[in-house]
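Under our numbering, the first residue of the sequence shown carries the number 946, and numbering increases by one thereafter.
Quick notes on the structure that follows.
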Amino acid sequence: MRRSCLLSRQAAADFLGVSLRTVAYWEAGRCRVPWSVVRLLRILRLGDLGALSRDWAGWTLHAGALHSPEGRAFTPAESAWWALLLAQARAFRGCRAAAPRGRRPSRSMQQILTAQPLSIAGQFPMIAG
């Protein structure tokens, strides 16, 4: 399996966090290869996150991006803003639900809609970091 990932024995041992002897034993058939190792190498080789769980079926890692089943690619930089985007969407829904129909958005809603992402990123430590 390591050969299909184009890994040397040493590179496979380093990647998997095992000794070189363990990799040699697996290849010689002296020890059974743990299923977790097979799944991890499958993810490395194919980028197939469905190997983790069925919830990730259709999702892949390729060329440094996470690809959805619909073909949309998410880069690490885009992923860092997901929490902020979801918080803004929740705030928007909350303001919409609280406002009577047919009225203008409240000042707080206008502030949310016009805020620059960096001005509110400090509220989210995992993003502001």
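Ideal Cβ placement from N, Cα and C applies to all residues, glycine included.
In this structure, the beta-carbon distance from residue 969 to residue 954 falls below 9 Å.
Excluding its 5 nearest sequence neighbours in each direction, residue 987 has C-beta neighbours in its own chain below 7 Å: 993 and 996, listed in chain order. Using a 10 angstroms sphere on the CB of residue 952, the tally of other CB atoms reaches 16 or more, which defines it as buried.
The C-alpha of residue 1027 lies about 10 Å from the C-alpha of residue 1021.
Judged by beta-carbon spacing, residue 956 lies beyond the 9 Å limit of residue 966, meaning their Cβ atoms are not closer than that value. By alpha-carbon distance to residue 960, the top candidate from 982, 998, 1015 and 1007 is 982. Secondary structure of residue 1006 (DSSP, three-state): strand. The C-beta distance from residue 1019 to residue 1010 rounds to 6 Å, short enough to fall under 8 Å. Residue 1040 has its alpha-carbon roughly 11 Å from the corresponding atom of residue 1046. Taken in chain order, the unbroken stretches of alpha helix (DSSP H) that lie wholly in the region 952-1002 and span 4 residues or more are 954-961, 965-973 and 980-991. In the structure shown, the three-state DSSP call for residue 1018 is strand.
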